[in-house]
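Under my numbering, the first residue of the sequence shown is numbered -9, with each subsequent residue one higher.
Even glycine gets a Cβ: it sits at the ideal position worked out from N, Cα and C.
Remember, it's a predicted structure, so these values are computed and weren't measured experimentally.
To start, the structure under review is shown below, and the notes come after it.
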Amino acid sequence: MVRVLMLCEGTYPFYRGGVSTWTHNLILNLKDYDFFVLSVTPAPFLRRRYDLPPNVKGILDIPLWGTEFAKEHMREFKFRDFLSRNLSTDERKIRKEFAPSLRVFLDEIKHGCRDPRRLAEAICEMHVFLTKHDHRRTVRSETFWNVMREELFNDRLYGYTKLSYMIDFSRILSHILRLLSYEYPYADLSHSSVTAFCGLPGIILKIERDTPYLITEHGVYFRERILDLPSKSSIIERMLLINLYRAIVQVNYYYADKVLPVCRFNINWERELGVSEEKIEVIYNGINIERFKPLKTNAKDNLKRIVVMARIDKLKGIMNLIEAMAKVSKHHPEAICEIYGPISDEAYFKTCQRKIKSLNLEDKVLFMGPTDKPESAYNRAYVVVQPSLSEGFPFTVIEAMACGKPVIATDVGGVSEAIDSFGVIVPPRSSIALAEGIMKVLENEEYAEEIGGKARRYVLERFTYKEFLENYRRVYLEVLSEKIWREIIEWQRS
């Protein structure tokens, strides 16, 4: 059976969210494929939030933080292997076998990837070294920091950044290099769920074994990293981070056989970043219409519930929603807002709580935590709201529409493609427009029922599992067939 290496970062199977939902649904329903999940995580020993389907034949979680030595969290990692790596790592070997590729790597990332092949070659060379030698000794070596100093600290532009920032940036890079310390499992095909660092194994396997490599682009990773840049950093410090992300994104795009955005909105960014037209194909998300459908609920009160399904994060626009609810509650005291989702940004969550308290909305805006039954929450809603600042093609929108609920959403990413004319679209970052959109639906029950019914029919026509899975099966077969033809041609030439 064909084996797919699914590459994830900060998502499946350890965190819930849209990308994790997409990953789980794809694996669960492509029963004729085996999967091996490689998940880049912030820390080791995380609890899985999903029961892995039977066709998941293994999982490799790679924590970038939380361990002193790469692989120490793995049961299979034996002491003799650790000792062998440690004893074989010294300054001479680091200087001769690792430093040249590190120097090229730094030169490419600080310029935002001028030559993706040169960058990828350096990544492959560092991977070869780090799978045989100790990562900790390497990144703590005098040679490592000398190269950092020469390429970054003494750079004519980046040398003007604060020393503390540059040291922190260098430490971030050293943690990212942990990803290159692991041997990657055999696969017939690599498929990344994001254009990020987790795609590096896909690039390496593409170069070393000619393994076909696919990328599904949900939210545009590069765009979201720009939106998430620390505002207190200097222009030069932000430029260094932007170039790092640009380099990683561009080398991913360059080696991908196909780039599969979940909406047409993403294509503009992909073109701008150099992806050729023939590589791009939109595959919309699909949902289980037997699960997400109108259901009877036990709600016996007269409250009008405004349901939001989103993690607590700056990019999800929760603060704008809270400000909108201040206006809505003045005109509609029967309205309450229930927010379902995990807290991914604790500081932002506390800021939201303070805002709620300052506006006296403690009984109007409620954080409900994560839910395993979003369909129940949607069906309890009078209206579903998606207030994000950035999105790809959000499941929450099409799930709510499938439940026959009117949806009010910000005009970001592929949201307008999902809603079409069967919902209310408002500009992002405008609490006034969001409040007006909510009140438009609250004040017109006939309108709410009409667009809810039309929305469900629209989803049934366009966003079902059937089309979603058929498209991925077809793309998998296409890239696997192309590899077979390449092998036949190579065999004939030899």
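1. Glycine 0 and threonine 31 look like a contact to me (Cβ under 8 Å); what is the Cβ gap, rounded to whole Å?
2. Assuming the contact rule is C-beta atoms closer than 8 Å, tyrosine 211 and alanine 186 should be a hit. Round their C-beta distance to whole Å, please.
3. Assuming alanine 408 and isoleucine 388 are in contact, meaning their beta carbons sit under 8 Å apart, how far apart are those beta carbons, in whole angstroms?
4. So the beta strand (DSSP E) aspartate 51 belongs to, where does it begin and stop?
5. Lysine 430 by DSSP, collapsed to three states: which one?
6. With 16 as the cutoff for other CB atoms within 10 Å, does leucine 73 come out buried or exposed?
7. Run through the DSSP bridge pairs and tell me what isoleucine 398 is partnered with.
8. Going along the chain, which residues of its own chain have a beta-carbon closer than 6 Å to the beta-carbon of valine 184, five neighbours each way excluded?
9. Smallest Cα separation from tyrosine 244: which of Asp24, Leu50, Cys103?
10. So, does the segment 213 to 230 touch the segment 160 to 168, judging by three or more C-beta pairs under 8 Å?
11. With a 10 Å radius around its C-beta and 16 neighbouring C-beta atoms as the bar for buried, classify histidine 321 as buried or exposed.
12. Could you check if isoleucine 157 belongs to the surroundings of the ligand ZN, using beta carbon to heavy atom distance under 7 Å?
13. Could you pull the DSSP bridge partners for phenylalanine 26 from this structure?
14. For the alpha helix (DSSP H) containing glutamate 477, list its first residue and its last residue.
15. Just grab the DSSP bridge partners of arginine 295 for me.
16. Could you give the DSSP three-state label for serine 10: helix, strand or coil?
17. Can you say whether proline 44 is buried or exposed, counting buried as having 16 or more other CB atoms within 10 angstroms of its CB?
18. Determine the direct distance from the alpha carbon of valine 469 to that of tryptophan 12, and round the result to whole angstroms.
19. Do you know offhand how far phenylalanine 25's Cα is from proline 384's?
20. Distance check for glutamate 207 and isoleucine 474, CA to CA, integer angstroms please.
21. Check this for me: beta carbons of isoleucine 441 and proline 377, under 8 Å apart or not?
22. Can you grab the Cα-Cα spacing for the pair leucine 96 / tyrosine 466, in whole Å?
23. At the level of alpha carbons, what is the spacing between tryptophan 135 and isoleucine 193?
24. Applying the 10 Å Cβ sphere with the 16-neighbour rule, what's the burial state of arginine 168?
25. Would you mind listing the beta strand (DSSP E) stretches within the segment 35 to 109 that are 3+ residues and don't spill past its ends, in chain order?
26. Using a 10 Å radius around the Cβ and a threshold of 16 neighbouring Cβ atoms, would you call threonine 287 buried or exposed?
27. Inspect the CB distances between the segment 248 to 258 and the segment 401 to 419 and report whether three or more fall short of 8 Å.
28. Pull up the CB-CB distance for leucine -3 and histidine 181, whole angstroms please, since I reckon it's below 8 Å.
29. Rounded to the nearest angstrom, how far is the Cβ of serine 380 from that of glutamate 214, given a contact under 8 Å?
30. Once the 5 residues before and after alanine 89 are set aside, which same chain residues still bring their CB inside 7 Å of it?
31. With DSSP collapsed to three states, give me the class of leucine 20.
32. May I ask you to list the residues that DSSP assigns as paired with valine 355?
33. Can you name the start and end residues of the beta strand (DSSP E) that leucine 230 belongs to?
34. In terms of residue numbering, what span does the alpha helix (DSSP H) encompassing proline 32 cover?
35. My assumption, with CB atoms under 8 Å, is that isoleucine 296 sits in contact with alanine 371. Please give the rounded CB distance.
36. Measure the alpha-carbon distance for serine 484 versus methionine 116 and round it to whole angstroms.
Taking the structure as given:
1. 7 Å
2. 5 Å
3. 5 Å
4. 46 to 53
5. helix
6. exposed
7. Val375, Val414
8. Glu(-1), Tyr211
9. Cys103
10. no
11. exposed
12. Only the bare structure without any ligand can be found here, which leaves the ligand ZN out of the picture.
13. Leu(-5), Gly48
14. 455 to 483
15. Ile326
16. helix
17. exposed
18. 21 Å
19. 24 Å
20. 26 Å
21. no
22. 34 Å
23. 26 Å
24. buried
25. 46 to 53
26. exposed
27. yes
28. 7 Å
29. 5 Å
30. Thr133, Val137
31. coil
32. Cys327
33. Segment 225 to 245 is the alpha helix (DSSP H) holding leucine 230; no beta strand (DSSP E) there.
34. Neither: proline 32 is in no alpha helix (DSSP H) and is coded neither H nor E.
35. 7 Å
36. 31 Å
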